[in-house]
Amino acid sequence: MPLSSGPFAGRTVTELARDLRAGRTTSAELVELALDAIAELDPPLNAFVTVDADGARAAALRADGELAEGADRGPLHGVPVGVKDLIMVAGLPVTMGSRHFSGHVAEADAECVTRLRRAGAVIVGKTTTHEFAYGPTGDRSATGPSRNPHDPARMSGGSSGGSAAAVAAGMVPLTLGTDTGGSVRIPAALCGVAGFKPAYAAIPAGGVFPLSKTLDHARLAEIVGALFDRHDVLALPTVPLTAPLLDRRETEVDGEPVAVRAALLALTSPWNVLGLPALTVPAGTIDGLPAGLQLVCRPGREHLLLSAAARRPAPRRSPAPGPDARP
Numbered sequence: 001m002p003l004s005s006g007p008f009a010g011r012t013v014t015e016l017a018r019d020l021r022a023g024r025t026t027s028a029e030l031v032e033l034a035l036d037a038i039a040e041l042d043p044p045l046n047a048f049v050t051v052d053a054d055g056a057r058a059a060a061l062r063a064d065g066e067l068a069e070g071a072d073r074g075p076l077h078g079v080p081v082g083v084k085d086l087i088m089v090a091g092l093p094v095t096m097g098s099r100h101f102s103g104h105v106a107e108a109d110a111e112c113v114t115r116l117r118r119a120g121a122v123i124v125g126k127t128t129t130h131e132f133a134y135g136p137t138g139d140r141s142a143t144g145p146s147r148n149p150h151d152p153a154r155m156s157g158g159s160s161g162g163s164a165a166a167v168a169a170g171m172v173p174l175t176l177g178t179d180t181g182g183s184v185r186i187p188a189a190l191c192g193v194a195g196f197k198p199a200y201a202a203i204p205a206g207g208v209f210p211l212s213k214t215l216d217h218a219r220l221a222e223i224v225g226a227l228f229d230r231h232d233v234l235a236l237p238t239v240p241l242t243a244p245l246l247d248r249r250e251t252e253v254d255g256e257p258v259a260v261r262a263a264l265l266a267l268t269s270p271w272n273v274l275g276l277p278a279l280t281v282p283a284g285t286i287d288g289l290p291a292g293l294q295l296v297c298r299p300g301r302e303h304l305l306l307s308a309a310a311r312r313p314a315p316r317r318s319p320a321p322g323p324d325a326r327p
């Protein structure tokens, strides 16, 4: 559990949807919880770059009104969410984590945001991204680094670091990110939450600032295809190390020196090249820091990832290091 946890820590979207429909809470109440949590918990973490309190309150009232009238848009109806500051949200600043776009305001929603709104989700703000999404560390942004809720001296991961940190700290139950080489799964693993990369082109990328519009597919497809003839799901670590300290660029893996960037991307980027769905889920802790398990499958069989994740043993947690332990 993060050092400080907000009201959504450990709560699932399914549970929130159930509470909304049972009348135990309202979207307006959930939004106020999110806004209060952001105000209290975000300053040391820098997960959010923009908070749209007025817009979120208005959207929550609409969501509550629709539910009261029997109009149910689905499990996200009335649920507060954050959106990575690389994705256009009409009327809100979008900086891509760069001073170059300081003051830039999106004129229209990205298609994925349109779909969120259509599903009844309530957007509370924009989350910190590594500048132009070009980095897996999350500590290079015009507004400063997004920090890991388990230890603010450490990286959140990137480039969707703010999105992962916001969920891990319990400020919101769900966030939207992007993943070109691991940018959703890496920070999710380092921060101890679930992160899902769908198959390539499963969600339209219109209105998302591009890092790489497409990725070439190598032979590996013929190898990785043979594997899926024998196995439904592949399981492997999401990253080969726990969250490094902020600004660290060299580390060791199995006693060998390695660049932090290369290490973080090593086990996630192949599935982007192949366009395969991949899910990371918490797999316990090492010296008090989260570790992630990555599951991969063929496109169209994403239900197998969710089934495998649901059947995994309860994560094992090792004790946090003592006061004399070195990072």
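Our numbering puts the first residue of the sequence shown at 1, with every later residue one more than the last.
For each residue, glycine too, the CB sits at the ideal point set by N, CA and C.
Integer Cβ distance of residue i from residue j, believed to fall under 8 Å
i	j	result
L16	L30	7 Å
D52	V113	Not confirmed; about 12 Å, so no contact.
A243	L289	6 Å
L211	Q294	Wrong, their Cβ atoms sit about 21 Å apart, outside the cutoff.
A199	T238	The pair is not a contact, with the Cβ atoms about 18 Å apart (cut-off 8 Å).
Counterpart residues of residue i in DSSP-defined beta bridges
i	result
T175	G82
E250	A259
G74	None; G74 has no bridge partner.
N148	D151
G384	Limits of the chain in this structure are 1 at one end and 327 at the other, which puts residue 384 out of reach.
G195	T280
I38	In the DSSP output, where bridge partners are listed per residue, I38 has none listed.
V94	The partner list for V94 (beta bridge, DSSP) is empty, contrary to what the question assumes.
A296	According to the sequence as given, residue 296 is Val; it is not Ala. Answer is L234 and A278, bridged to V296.
I87	V208
L305	Per DSSP, none; premise fails for L305.
Neighbourhood of residue i by C-beta, 7 Å cutoff - its chain only, sequence neighbours within 5 removed
i	result
G206	A110 and E111
P240	V253, A263, A266 and L267
G65	none
Cutoff 6 Å; reference residue i; Cβ partners in own chain excluding five residues on either side
i	result
D232	L304
V296	L234, W271, L276 and A278
G162	A47, T127, T128 and S146
P93	T50 and V105
CB of residue i within 7 Å of CB of residue j, strictly
i	j	result
V81	L20	no
C191	A226	no
V184	A121	no
A108	L61	no
P75	V172	no
R309	V281	Strictly speaking, residue 309 in this sequence is Ala, with Arg absent from that position. Taking 7 Å as the Cβ cut-off, A309 and V281 qualify as a contacting pair.
L33	P2	no
P149	R261	no
A133	S159	yes
S307	G182	no
Close-in-space but distant-in-sequence residues of the same chain around residue i (CB under 8 Å, 5 per side omitted)
i	result
E131	M96, G97, S98, R140, S141 and A142
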